[in-house]
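Residue numbers (this note's numbering): 1311 to 1594.
Glycine residues also receive a C-beta, built at the ideal position from the N, C-alpha and C atoms.
On a predicted model such as this, the values are computed, not experimentally measured, just so you know.
Quick notes on the structure that follows.
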Amino acid sequence: MAETSTSAPLRTETKERLLSLDTLRGFDMAMLLGIGGILVALAELTGWKWMEVLATQQHHVQWEGFRFYDLIFPLFMFISGVAIPYAITSKVEKGVAKSLLLRKIFIRLLALIGFGLLYNGILSRGFTNFRYVSVLSQIGFGYFFAALICLYSRSIKGWVFWLLGIMGGVAVLQLFVPVPGFRAGTFDPATSINAWLDQHLIPGRLNDKVFDPEGVLCIISAISITLMGAFAGYLLRGKKHAPTKKALYIALGGVGAIALGLALSTFYPVIKKMWTVPYVLLAA
1311 MAETSTSAPL RTETKERLLS LDTLRGFDMA MLLGIGGILV ALAELTGWKW MEVLATQQHH
1371 VQWEGFRFYD LIFPLFMFIS GVAIPYAITS KVEKGVAKSL LLRKIFIRLL ALIGFGLLYN
1431 GILSRGFTNF RYVSVLSQIG FGYFFAALIC LYSRSIKGWV FWLLGIMGGV AVLQLFVPVP
1491 GFRAGTFDPA TSINAWLDQH LIPGRLNDKV FDPEGVLCII SAISITLMGA FAGYLLRGKK
1551 HAPTKKALYI ALGGVGAIAL GLALSTFYPV IKKMWTVPYV LLAA
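If you want it as structure tokens, here you go:
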């Protein structure tokens, strides 16, 4: 008697990878883990002026301005955005239900929030005078909302409208909305719109006492740089253009963002701790 097999054939799914993205992620992680400290040590050891200039770039600016070290965090968010077309859009094209993908990105958000709480010491400090926001939670929220936009927008034009809306909204709040008791457009740590929102919307302790560099408006602004990464990922994943043209378009986009950021910075300061729009443009 012949034996009939009822088992379905095994399916192997090849995960799309982008070598350049993995390389850039590795570089960013190396800088995050303190490779720049080697430059600082060499500058102190040698006393060479050019090395001291490089070493200076391994520290954040105190408030206004931009150094290389101020690029590490937004670069990580940009990279996470580049991955969205590979991780989300590709699965939609294969027929994976959007509800399933939504559940996955929501679980990712909860995981990053949870890791952020653990890193801030919730197990040892408890809920009293505890800092609830973190770098990890900002990465989580930025990716979640950018992925949500990419998942449910019907076209690339929808991404553009969302990007312009987010950046325009942040700019309007930071430039034109007055803080109670102060005028609009103040960029002082204690009197900015960022500080006012953080003090009224975030429970517990703020990292800089009167505001938090991973606060409400910073999280919203960070969605935009994740979306910019998604644009780059969309272009890189597409088959329409040759690799050289893709590189050219991304380079032109970067030059354009830098030029616009510098132009805006003449009246709208570059401040990492507030994630101002000029800062986002320079970092992107």
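- K1555 sits away from L1546, with the two beta carbons spaced by 8 Å or more.
- DSSP places W1472 in the uninterrupted alpha helix (DSSP H) bounded by 1466-1486.
- According to the DSSP assignment, W1506 belongs to the alpha helix (DSSP H) that extends over 1503-1511.
- Cβ-Cβ distances below 7 Å link A1542 to V1392, I1560 in the same chain, with the five nearest sequence neighbours on each side left out; the list follows chain order.
- About 6 Å separates the beta carbons of V1580 and G1375, which is inside the 8 Å limit, making them a contact pair.
- Here A1351 is exposed: its Cβ has fewer than 16 other Cβ atoms, across all protein chains shown, within 10 Å.
- The distance from the Cβ of I1389 to that of L1329 is about 13 Å, inconsistent with a contact at the 8 Å cut-off.
- Per DSSP, the beta-bridge partners of I1581 are E1374.
- When only Cα atoms are considered, L1411 and G1405 end up about 11 Å apart.
- R1441 places its beta carbon 8 Å or farther from that of G1525.
- When DSSP states are grouped into helix, strand and coil, R1547 belongs to the helix group.
- Counting C-beta pairs closer than 8 Å gives three or more between the stretch 1444-1455 and the stretch 1420-1427, which meets the contact rule.
- Among the bridge pairs identified by DSSP, G1450 is matched with none.
- Rounded to whole angstroms, the separation of the alpha carbons of A1456 and L1592 is 19 Å.
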